[in-house]
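Engineer:
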Amino acid sequence: MAEKKIGFCREELVGKCFWDLYPDTEDYNYPAAYKKAMREGISVMFQDYRPQSGQWYEITAYPSEEGLTILFKDVTDKKLAEDQVRDTNTKLTAILNSTSDINILIDADYRVISFNKMAQESMRKFYDNRELAVGQNILEYVLPGTEEDFVRHFQSALSGIPVETKIKLAFKPGLALWFLVKYFPVYDPDQKVIGVAFNSTNIDKQQRQYEHLSEIASLYSHEIRRPVATILGITQLVNEDQLSLENKEWFGYLTKTTRELDRVIHRIVRQTSKIE
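In full-length UniProt numbering, the protein residues as written are 1 to 276.
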């Protein structure tokens, strides 16, 4: 096993000068590390990649009175796992930074663990160029009057219950925006809640459109339907027997059209009420 790891067979090793086997070159870690261990009398550890075999090794050199003891440990699986985690984190970061949502990871003590690009840009925009940083208390960014709701929703997520809510935030005079805010519990490998993932989406445009539709629905429901209801009421009072044949025909058209208009108004109001 040792022969395979160091790249020499027994016959090539026994009785030979170690430094002759491992020439001191600029891009070669072994000689410099071994000489440092011997010269300073300290243990030296480093990692090395063998492109021929595609393996990673962790090498530790222990100096002693007899010379140098060298241990080789195959850490290929560990390095591959680290590379996979790093690749996954890179992809996740790219995804989070490509979204228009604000995403902040917060620990149980309200300290910022990480955040995406949009979170940083939003803090600069809404808080006069203030820089969001890891370790900050997120409560520093909670607007006056919203602290109680924030803490309640945060604690709910910490207990394992996600929360979703809409809120209008007034950052400064002339700048008030609607947001859809979500609080998600974050678990460790043992399924213990260790923090909260805070997600915020700017829905100001959609909310204003909804409010506009609500105003239209209210207009139809009250301002327009009132005269329609009045017409329908009057038609109930008309004695058709006293109308001429021509007037009866026109009266039928009027009644039918008014009822159709009333149904349309009801449908508009119902559909608008479903938009949330």
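Note that CB positions come from ideal geometry on N, CA and C, so glycine has one too.
Here the structure is a predicted model, which is why all the values come from computation and not from measurement.
Does DSSP put leucine 232 in a helix, a strand or coil?
Structural biologist: Three-state result, leucine 232: helix.
Engineer: Can you say whether residue 284 is buried or exposed, counting buried as having 16 or more other CB atoms within 10 angstroms of its CB?
Structural biologist: The chain is shown from 1 up to 276; residue 284 falls before or after that span and cannot be answered.
Engineer: Could you check which residue in Ser114, Phe115, Val196 and Arg130 has the C-alpha nearest to that of arginine 152?
Structural biologist: If we check each option's Cα against that of arginine 152, Val196 comes out closest.
Engineer: Straight-line CA distance for arginine 263 to tryptophan 178?
Structural biologist: Distance between the alpha carbons of arginine 263 and tryptophan 178 is about 33 Å.
Engineer: Closer than 7 Å by C-beta to serine 64: which residues in its own chain qualify, once you throw out the five before and the five after it? Chain order, please.
Structural biologist: Counting only Cβ-Cβ distances below 7 Å, and skipping sequence neighbours, we find nothing.
Engineer: Can you tell me whether DSSP reads leucine 169 as helix, strand or coil?
Structural biologist: Note: leucine 169 maps to strand in three-state DSSP.
Engineer: Pick out whichever of Lys79, Ile102 and Val142 has its Cα sitting closest to the Cα of tyrosine 110.
Structural biologist: Among Lys79, Ile102 and Val142, the Cα nearest to that of tyrosine 110 belongs to Val142.
Engineer: Going by beta-carbon coordinates alone, are asparagine 137 and lysine 117 separated by less than 8 Å?
Structural biologist: For asparagine 137 and lysine 117, no; Cβs fall outside 8 Å.
Engineer: What is the DSSP secondary structure of serine 43, reduced to helix, strand or coil?
Structural biologist: Three-state DSSP puts serine 43 in coil, outside helix and strand.
Engineer: Taking lysine 182 as the reference, which of Ala33, Thr258, Asp149 and Tyr30 has the closest Cα?
Structural biologist: Of the listed residues, the one whose Cα sits closest to lysine 182 is Asp149.
Engineer: Could you pull out every residue in the same chain whose Cβ sits closer than 6 Å to the Cβ of aspartate 107, ignoring the five residues on either side in sequence?
Structural biologist: Around aspartate 107: Ile113 and Gly195.
Engineer: Assuming serine 156 is part of the beta strand (DSSP E), what are its boundary residues?
Structural biologist: Looking at the DSSP string, serine 156 is not in any beta strand (DSSP E); the run it does join, the alpha helix (DSSP H), is 147-158.
Engineer: For phenylalanine 184, write down the residues that DSSP places opposite it in a beta bridge.
Structural biologist: Ala197.
Engineer: Using CA atoms only, rank isn't needed, just tell me which of Met38, Lys35, Asp74 and His266 is closest to serine 53.
Structural biologist: Ranking Met38, Lys35, Asp74 and His266 by Cα distance to serine 53 puts Asp74 first.
Engineer: Considering just the uninterrupted stretch of the beta strand (DSSP E) at serine 114, what are its terminal residues?
Structural biologist: That run of the beta strand (DSSP E) goes 112-115.
Engineer: Please name the residue in Arg208, Val163, Ala37 and Glu66 whose C-alpha comes closest to that of asparagine 199.
Structural biologist: Taking only the C-alpha atoms, the option nearest asparagine 199 is Val163.
Engineer: For my contact list, phenylalanine 115 and phenylalanine 171 are in at a C-beta cut-off of 8 Å; report their separation, rounded to the angstrom.
Structural biologist: Phenylalanine 115 to phenylalanine 171, Cβ: 18 Å. No contact.
Engineer: Would tyrosine 57 and phenylalanine 72 qualify as a contact pair, given that the criterion is a beta-carbon distance under 8 Å?
Structural biologist: It is a contact, given that the beta carbons lie within the stated cut-off.
Engineer: Any idea if serine 43 is buried or exposed, counting beta-carbon neighbours within 10 angstroms, 16 or more meaning buried?
Structural biologist: The residue in question, serine 43, is exposed, as its Cβ has fewer than 16 Cβ neighbours within 10 Å.
Engineer: Leaving aside the five residues before and after leucine 175 along the sequence, list all residues of the same chain whose C-beta is less than 8 Å from its C-beta, in chain order.
Structural biologist: The answer, listed in chain order, is Phe126.
Engineer: What are the residues that DSSP puts in a beta bridge with threonine 69?
Structural biologist: According to DSSP, which records beta bridges pairwise, threonine 69 is partnered with Tyr62.
Engineer: To which residues of the same chain is threonine 255 closer than 7 Å at the C-beta, ignoring the five residues directly before and after it?
Structural biologist: Taken in chain order, the residues that qualify are Thr235.
Engineer: List the endpoints of the continuous beta strand (DSSP E) containing aspartate 107.
Structural biologist: Segment 102-107, the beta strand (DSSP E) holding aspartate 107.
Engineer: Can the beta-carbon of isoleucine 161 be found less than 8 Å from the beta-carbon of leucine 180?
Structural biologist: Going by C-beta atoms, isoleucine 161 is not nearer than 8 Å to leucine 180.
Engineer: Using the rule of at least 16 other Cβ atoms within 10 Å of the residue's Cβ for burial, across every protein chain shown, is asparagine 239 buried or exposed?
Structural biologist: Exposed, since its Cβ has fewer than 16 Cβ neighbours within 10 Å.
Engineer: Please report the distance separating the alpha-carbon of threonine 76 from that of glutamine 84.
Structural biologist: Cα-Cα distance, rounded: 12 Å.
Engineer: Out of Ala133, Glu121 and Pro31, which one is the CA nearest neighbour of leucine 105?
Structural biologist: When each option's Cα is compared against that of leucine 105, the closest is Ala133.
Engineer: Do alanine 81 and isoleucine 70 come within 8 Å of each other at the CB atom, strictly closer than that value?
Structural biologist: No, the pair does not count as a contact, with Cβ atoms beyond the cut-off.
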